[in-house]
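Okay, structure first, notes after.
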Amino acid sequence: MKILITGGGGFLGSHLAERCLAGGHEVFAMDIARDYKVRHLFSDKRFHYIYDSIMNMEMLDTMVSKCDIVYHMAAVVGVEHYVADPYHVLNVNINGTQNVLKAAYKYGRKVVFTSTSEVYGKNERIPFREDSDRVLGPTTIDRWCYSTSKAAGEHFCLAYKKMGLPIVILRYFNVYGPRLDAIDRGRVITIFMGKLLKNLDLLVIGDGNQTRCFTYVSDAIEATYRAGMRDGVEGQVFNIGGDRETSIKELAGLMIGISESLSKIRYVVEESVYGTSYEDIPRRVPDVRKMNKVLGVRADVSLEAGLKKTIDWMRKNEVGK
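Now the structure itself:
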C-alpha cells in the first residue's frame, strides 16, 4: 500500500513512517520541516521525502492521487505559536485540513485526521469521553485558537464523511518520546529537558497540581497505524493515550530524578511565562476504553520507562540543535 503522511518530517510523522515501512508499505512523507528526524529512513527505497506544504494545493493533489491512504498530521503545534501567531495556527490547521480533505474526496482516499485532547478545553467532567462536551475560554485568550482550529478540522472531516469520504479522527493526549520538539520549547517535557541539561530550575506554572496523562510515542503510533489499516472504524473518533494522571510538579520531580540533574523546581505565575494570552487547564484525563477495545491497543509503556528512553535520546541527539 502507498501511504501519504502530511507532517511526515515531524515527531509523530517520523515515527509513523517507521511503523508503516515496518508494515511493508511505501511511504511518502510531505513536510516543510527539516528532514533530520527522518534521515535515517533515506536508505530505504520505499521512503520518499517531499519538501512542500499542504497549502500548496497542486502538489498536495498530486501526492494524494498517488497514494491509497492519507494520515493527516501536518499542523502548527506549540503554546508559543498559539500565543504569538494565532493567525498562522488557524490558517494552516483549518485551511490546510480543508485542502487535504478536498484532495482525498476527489480521489476517494481514506483520511486519518490527528486531532488533540485540547478540543475538550476545560471541561471539568473527568474522564473525557469521545462524546464529551467542549468547554472553552473566551476568544480573547489566544491559547484557545489551537483547540478551535482542530475542532473545526474535525467538523470538516465529519462533514466529508456524510458526503462519503472514509475518515477517522484521533485525539492525542500528551504524546512524548525520542525526536520530540527541540529542547527549551514546544511541550512541557522538552521545555523541562532544556533546563535539566543545564542544571537550571524547572519553571512550574502555578502550584503544579494541574494534571496530564502522558503517552509514550510507540503506543500512540500503534493506535494511529491501526486506525488507518483497520476496516469498520471509518467515521469514528478515538481518544489516544493512557489514563495515568500525573501532576506537572510530579512530572518535574520524575525528570529530575531520572536525569540525575541538579535542577530544582521553581513555581511561577502563569503571566510571567506566557503573558495574558494563555489559560491553563486543571485536569486532562481520557476515557480510553474505545481505543483498547476497537483498535486493540493499550498504552503499556510506563511514564518512568518512557521518560528514561526520551531523556537518554535527547542527551545524545538534541544538545546544541
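Counting in our numbering, the sequence shown tops out at residue 326, every number present.
Just so it is clear, CB atoms sit at the ideal spot from N, CA and C, and this is done for glycine as well.
{"query": "Euclidean distance between Cα positions of residue 245 and residue 269", "result": "32 Å"}
{"query": "As assigned by DSSP and simplified to three states, the class of residue 269", "result": "coil"}
{"query": "Spatial neighbours of residue 296 in its chain, beta-carbon cut-off 7 Å, leaving aside the 5 residues before and after", "result": "228, 243, 244, 245, 302"}
{"query": "Complete beta strand (DSSP E) runs within the stretch 120 to 152 (minimum length 3 residues, chain order)", "result": "none"}
{"query": "Extent of the continuous alpha helix (DSSP H) to which residue 302 belongs", "result": "No alpha helix (DSSP H) holds residue 302; DSSP gives it neither H nor E."}
{"query": "Collapsed DSSP secondary structure at residue 97 in the structure displayed", "result": "helix"}
{"query": "Beta-carbon spacing of residue 284, residue 146 below 9 Å", "result": "yes"}
{"query": "Residue 203 beta carbon near the ligand ATP (any heavy atom closer than 8 Å)", "result": "Among the ligands in the structure shown, none appear at all, so the ligand ATP cannot be discussed."}
{"query": "Beta-carbon proximity list for residue 180, same chain, < 6 Å, skipping 5 on both sides", "result": "220, 222, 225"}
{"query": "Residues near residue 66 by beta carbon distance below 8 Å, same chain, minus five either side", "result": "108, 111"}
{"query": "Beta-carbon proximity of residue 81 to residue 125, cut-off 9 Å", "result": "no"}
{"query": "Cα-Cα separation between residue 272 and residue 83, rounded to whole angstroms", "result": "21 Å"}
{"query": "Other residues of its chain near residue 165: CB distance less than 7 Å, five sequence neighbours each side excluded", "result": "106, 110, 172"}
{"query": "Alpha-carbon to alpha-carbon, residue 267 and residue 9", "result": "44 Å"}
{"query": "Residue span of the alpha helix (DSSP H) that contains residue 327, given as start and end", "result": "Nothing about residue 327 can be reported from this structure: the residues present for the chain run from 6 to 326 only."}
{"query": "Backbone secondary structure at residue 20 - three-state DSSP", "result": "helix"}
{"query": "Same chain, Cβ closer than 6 Å to residue 19, five either side skipped, listed in chain order", "result": "42, 43, 184"}
{"query": "Residues near residue 260 in its chain [Cβ-Cβ closer than 8 Å; skip 5 each side]", "result": "194, 197, 198, 201, 207, 266, 312, 316"}
{"query": "Three-state class that DSSP yields for residue 34 in the structure shown", "result": "strand"}
{"query": "Opening and closing residue of the alpha helix (DSSP H) in which residue 75 lies", "result": "Residue 75 -> not in any alpha helix (DSSP H); beta strand (DSSP E) instead, spanning 74 to 77."}
{"query": "Buried versus exposed, by CB contacts within 10 Å (16 or more), residue 22", "result": "buried"}
{"query": "Among 100, 233, 98, the one whose alpha carbon lies nearest that of residue 174", "result": "233"}
{"query": "Cβ-based neighbour list, residue 6, same chain, cut-off 7 Å, excluding 5 preceding and 5 following", "result": "30, 73, 74"}
{"query": "Nearest-angstrom Cα separation, counted from residue 304 out to residue 215", "result": "21 Å"}
{"query": "Helix, strand or coil at residue 47 [DSSP, three-state]", "result": "coil"}
{"query": "Cβ distance (whole Å) where residue 117 is taken to contact residue 77 below 8 Å", "result": "7 Å"}
{"query": "Entirely enclosed beta strand (DSSP E) segments - the stretch 221 to 253, minimum 3 residues", "result": "242 to 245"}
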